[in-house]
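Novice: I have a structure here, written as structure tokens, and I will follow up with some questions on it.
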Amino acid sequence: MHLRILVSFFTFLCCLFFAQTYEVQYLSSSNGKILTEQSPILVWANEKENFILNNKIREQKADFPFEITKIEKPSNTVISYAFLKSDEIISTSDKESVGKQTFEFTNETKKILGYTCKKAVTKINSNTIEVWYTNDLKIQGGPSVIGQNLGFVLEIERNKNSLITAQSIKKVKKTNIDAVLKGSINSTDQLGYRDLLWKSRFTTLKVFDHETLNFSDESKSDENIKRFANGTIILKKIKFPKISEGENIFVELKQQSNGDAYDRTGTVFFVPQDKSQSFFDGLEKGVKTLPVYENGNGKQYYGITATENYNPAVEMMRFFTAFGINKFNHIQLKDKNWQTISPYREDITDLKPSLSEKELWIGTFIGNYDKGGHKVSLEITIHKSDQTIYKNNTVIPLFNTLNIMEMAGQDYSTMFNNDKGLFVEFTLKKDLKNAQLKYTTTGHGGWENGDEFVPKTNSIFLDGKMTYSFVPWRTDCGSYRLYNPASGNFPDGLSSSDLSRSNWCPGTVTNPNFIQLGDLKAGKHTIQVKIPQGPTEGTSFSSWNVSGVLLGSE
Numbered sequence: 287m288h289l290r291i292l293v294s295f296f297t298f299l300c301c302l303f304f305a306q307t308y309e310v311q312y313l314s315s316s317n318g319k320i321l322t323e324q325s326p327i328l329v330w331a332n333e334k335e336n337f338i339l340n341n342k343i344r345e346q347k348a349d350f351p352f353e354i355t356k357i358e359k360p361s362n363t364v365i366s367y368a369f370l371k372s373d374e375i376i377s378t379s380d381k382e383s384v385g386k387q388t389f390e391f392t393n394e395t396k397k398i399l400g401y402t403c404k405k406a407v408t409k410i411n412s413n414t415i416e417v418w419y420t421n422d423l424k425i426q427g428g429p430s431v432i433g434q435n436l437g438f439v440l441e442i443e444r445n446k447n448s449l450i451t452a453q454s455i456k457k458v459k460k461t462n463i464d465a466v467l468k469g470s471i472n473s474t475d476q477l478g479y480r481d482l483l484w485k486s487r488f489t490t491l492k493v494f495d496h497e498t499l500n501f502s503d504e505s506k507s508d509e510n511i512k513r514f515a516n517g518t519i520i521l522k523k524i525k526f527p528k529i530s531e532g533e534n535i536f537v538e539l540k541q542q543s544n545g546d547a548y549d550r551t552g553t554v555f556f557v558p559q560d561k562s563q564s565f566f567d568g569l570e571k572g573v574k575t576l577p578v579y580e581n582g583n584g585k586q587y588y589g590i591t592a593t594e595n596y597n598p599a600v601e602m603m604r605f606f607t608a609f610g611i612n613k614f615n616h617i618q619l620k621d622k623n624w625q626t627i628s629p630y631r632e633d634i635t636d637l638k639p640s641l642s643e644k645e646l647w648i649g650t651f652i653g654n655y656d657k658g659g660h661k662v663s664l665e666i667t668i669h670k671s672d673q674t675i676y677k678n679n680t681v682i683p684l685f686n687t688l689n690i691m692e693m694a695g696q697d698y699s700t701m702f703n704n705d706k707g708l709f710v711e712f713t714l715k716k717d718l719k720n721a722q723l724k725y726t727t728t729g730h731g732g733w734e735n736g737d738e739f740v741p742k743t744n745s746i747f748l749d750g751k752m753t754y755s756f757v758p759w760r761t762d763c764g765s766y767r768l769y770n771p772a773s774g775n776f777p778d779g780l781s782s783s784d785l786s787r788s789n790w791c792p793g794t795v796t797n798p799n800f801i802q803l804g805d806l807k808a809g810k811h812t813i814q815v816k817i818p819q820g821p822t823e824g825t826s827f828s829s830w831n832v833s834g835v836l837l838g839s840e
């Protein structure tokens, strides 16, 4: 009887020992300064398990998404929980990473919160990590998965400038982890977990998913996607949420050849509908229903300049398809492993005032006469950020000479063969501070003397005075050879995709120029673009696709 009591007593003591839980709080610092407005890292640890979170999570005040990490002992299995939304939790497990950690052990010691700590050093992605751990607590744990098999980690220093240090240690009878880690949890693999967590950190507006841009009478609109110009233009109406100051906006398009082997002009655009007439009217009723621009060279250019009652399409991103990517990857060259998709991505945060809380037609155009054409996927993402590079609250469309309706009769932009070039009048209702012209330009005419291959100066005039002049030119086109399987090789050892061009390369985005215009007063102003466009040779001619919007703050 007495023996049974003693056994029960010692069992109780053992349970107390093994159930002992420590609560440790850590603060982060950088270059010797404690980071302000941080929520201290919180660790609950005992012999069985180690939970890593922070005080905001414990108080259930953390913004989504956030993570809790659990390390099961003694196996050192890492279980990660991601709270994507209030009703969406995912998890994944990792039984190997802790065991794979390697350390260089040193003889250095120091006291942290009265505990004797030893130093071990490891390398992670070229970062030097110093881990200070103690064996005095008789358990393993710490503020991250690093060093979970050493002892209890009280300090981690990265590259001598980033520090996580324990500030307090206390014993607790229980944690309130059950109040936080509750609800339905969906398990997934590690790659899927990281992908879902990453995507939950920003808003994604899906526009097109593997849609075809081709030239075919069979291309028809449906209830979701409008198709024009025999399928070379597709549009979809997208509702944008409120986009706050400090949020960044990116447009991303992925493209593959679906039959067309050539490099083609492409653009992603939206259709302003804040005036009585819009570019969408021209798509539905014909390009000649849009306002005409004439500069004296005898030609008429429809829908390219802003008027009192009309705004042209606003370019979000200009891109150029590669020579036959994916569809023609069967063309083999030694040591050439072709890419299978062309990714185009651009920051369009400067267009925020025209997008926030608006419902707009978003379109994509690729000029081609091929029945297979191209496959594209397009999405727009909105990211919370501390960056405030683009502070403008105003976007005013001015011009877009890219002949988006080329396959529906819209003429090429050859107006620069006349000294007047492109001339636009506009009226500001209010003063505009820190005005900029967002200007995108590419030269075309793909024969030896065509403007595609001849550097030409672009000159911008504001109210009759030259404001900016430069030669748009790309010399890096050879960097993208692996995106161009059908580019072919010339006798001189080059391929067409290697050649330098007037501000574009096959398989890349063309970056806009931001031209500073200063402060503009309310009233009438003019913008003029002049380019010494090359002369026609036989049936070959040169043209320039230029687009411009005025940015600033009213």
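One rule links them: number in the numbering used here = place in the sequence shown (from 1) + 286.
Note that CB positions come from ideal geometry on N, CA and C, so glycine has one too.
Note that the structure is a prediction, hence the values are computed from the model and not measured.
1. Determine, using beta-carbon pairs with one atom in the region 539-556 and one in the region 583-592, whether at least three such pairs fall under 8 Å.
2. Is the CB-CB distance between residue 348 and residue 399 below 8 Å?
3. What first and last residue would you give for the beta strand (DSSP E) that runs through residue 483?
4. To the nearest angstrom, how far is it from the Cα of residue 833 to the Cα of residue 634?
5. Have a look at residue 308 and residue 358 and give me their C-alpha separation to the nearest angstrom.
6. In this structure, what does DSSP give as the bridge partners for residue 311?
7. Using the beta-carbon count (16 or more within 10 Å), is residue 604 buried or exposed?
8. May I ask you to report which of helix, strand or coil DSSP gives residue 516?
9. Candidates 717, 420, 645, 779: which alpha carbon is nearest residue 405's?
10. Excluding the 5 residues preceding and the 5 following residue 712 in the sequence, name in chain order all residues of the same chain whose CB lies nearer than 8 Å to its CB.
11. Looking at C-alpha atoms only, which residue of 316, 378, 310, 749 is the closest neighbour of residue 481?
12. Quick check: what's the CA-CA separation for residue 534 versus residue 501?
13. Assuming residue 432 and residue 442 are in contact, meaning their beta carbons sit under 8 Å apart, how far apart are those beta carbons, in whole angstroms?
14. Around the C-beta of residue 790, are 16 or more other C-beta atoms found within 10 angstroms, so that it is buried, or is it exposed?
15. Does the region 503-520 come close enough to the region 379-397 to have 3 or more Cβ pairs within less than 8 Å?
16. Counting only the same chain and skipping the five closest in sequence on each side, list residues whose C-beta sits under 7 Å from that of residue 503.
17. Which value, in whole angstroms, describes the spacing of the CA atoms of residue 459 and residue 646?
18. Closer than 8 Å by C-beta to residue 701: which residues in its own chain qualify, once you throw out the five before and the five after it? Chain order, please.
19. Along the chain, where does the alpha helix (DSSP H) containing residue 601 start, and where does it finish?
20. Is DSSP giving residue 459 helix, strand or coil here?
21. Once you ignore the five residues that flank residue 302 on each side, which residues in its own chain have a CB closer than 6 Å to its CB?
22. For a test of the three-state rule: what should DSSP assign to residue 686, helix, strand or coil?
23. Please classify residue 541 as buried or exposed, where buried requires at least 16 neighbouring CB atoms within 10 angstroms.
24. Here's the rule I'm using: 16 or more other beta-carbon atoms within 10 Å means buried, otherwise exposed. How should residue 434 be labelled?
25. Which of the three DSSP states, helix, strand or coil, is assigned to residue 350?
26. Which whole-angstrom value describes the C-beta separation of residue 718 and residue 838, a residue pair presumed to lie in contact below a C-beta threshold of 8 Å?
27. Which residues does DSSP list as the beta-bridge partners of residue 542?
28. Quick check on the burial criterion: 16 or more other C-beta atoms within 10 angstroms. Buried or exposed for residue 410?
29. Does residue 631 come out as helix, strand or coil in the three-state DSSP assignment?
30. Starting from the C-beta of residue 641, find all residues in its chain whose C-beta is less than 6 Å away, skip the five residues before and the five after it, and write them out in chain order.
31. Give the straight-line distance between the Cα atoms of residue 904 and residue 530, rounded to the nearest whole angstrom.
32. Which residue's Cα is closest to the Cα of residue 589: 567, 610, 602?
33. If residue 679 sits next to residue 497, beta carbons under 8 Å apart, how far is it from one beta carbon to the other, in whole angstroms?
Specialist: Judging by the given coordinates:
1. The region 539-556, when compared against the region 583-592, does not touch it at the 8 Å Cβ threshold.
2. Result no, Cβ atoms of residue 348 and residue 399 do not sit closer than 8 Å.
3. Not the beta strand (DSSP E): residue 483 falls in the alpha helix (DSSP H), residues 476-485.
4. Answer to the nearest angstrom: the Cα atoms are 14 Å apart.
5. Distance between the alpha carbons of residue 308 and residue 358 is about 15 Å.
6. Note: residue 311 sits in a beta bridge opposite 328, 454.
7. Residue 604 comes out buried.
8. In the structure shown, residue 516 adopts helical secondary structure according to DSSP, grouped into three states.
9. Ranking the options by Cα distance to residue 405, first place goes to 420.
10. Result list for residue 712: 592, 682, 684, 810, 811, 812, 813, 836, in chain order.
11. Residue 378 is the option with its Cα nearest to residue 481.
12. A straight-line Cα-Cα distance of about 35 Å links residue 534 and residue 501.
13. The distance from the Cβ of residue 432 to that of residue 442 is about 6 Å, consistent with a contact at the 8 Å cut-off.
14. Answer is buried; the Cβ neighbour count reaches 16.
15. Counting C-beta pairs with one atom in each stretch, the region 503-520 and the region 379-397 have fewer than three that are closer than 8 Å, which means they do not touch.
16. Sequence-distant partners of residue 503 (beyond 5 residues in either direction) whose C-beta falls short of 7 Å from its own C-beta, in its chain, are 516.
17. CA-to-CA, the gap between residue 459 and residue 646 works out to about 57 Å.
18. Closer than 8 Å at Cβ, skipping near neighbours: 579, 581, 583, 585, 587, 687, 707, 708.
19. Bounds of any alpha helix (DSSP H) do not take in residue 601; it lies within the beta strand (DSSP E) bounded by 600-606.
20. Per DSSP, reduced to three states, the secondary structure at residue 459 is coil, with no helix or strand assignment.
21. Interpretation of residue 302 is limited by its pLDDT of 44, a score under 50 that renders its predicted location unreliable; no figure is taken from the coordinates.
22. For residue 686, the secondary structure class from DSSP, reduced to helix, strand or coil, is strand.
23. Classification for residue 541: buried.
24. Per the 10 Å Cβ criterion, buried.
25. Residue 350 sits in coil when the DSSP states are folded into three classes, being neither helix nor strand.
26. Between residue 838 and residue 718 the Cβ distance is about 4 Å, and since that is below 8 Å, they are a contact.
27. Beta-bridge partners assigned by DSSP to residue 542: 661.
28. Residue 410 comes out exposed.
29. In the structure shown, residue 631 sits in a strand (DSSP, three-state: E or B).
30. In its chain, beyond the 5 residues on either side, 526 have a beta carbon closer than 6 Å to the beta carbon of residue 641.
31. In the structure as shown, the chain starts at 287 and stops at 840, and residue 904 therefore has no counterpart that could be examined.
32. Across the set 567, 610, 602, the C-alpha of 567 shows the shortest separation from the C-alpha of residue 589.
33. Actually they do not touch by this definition, with Cβ atoms about 33 Å apart.
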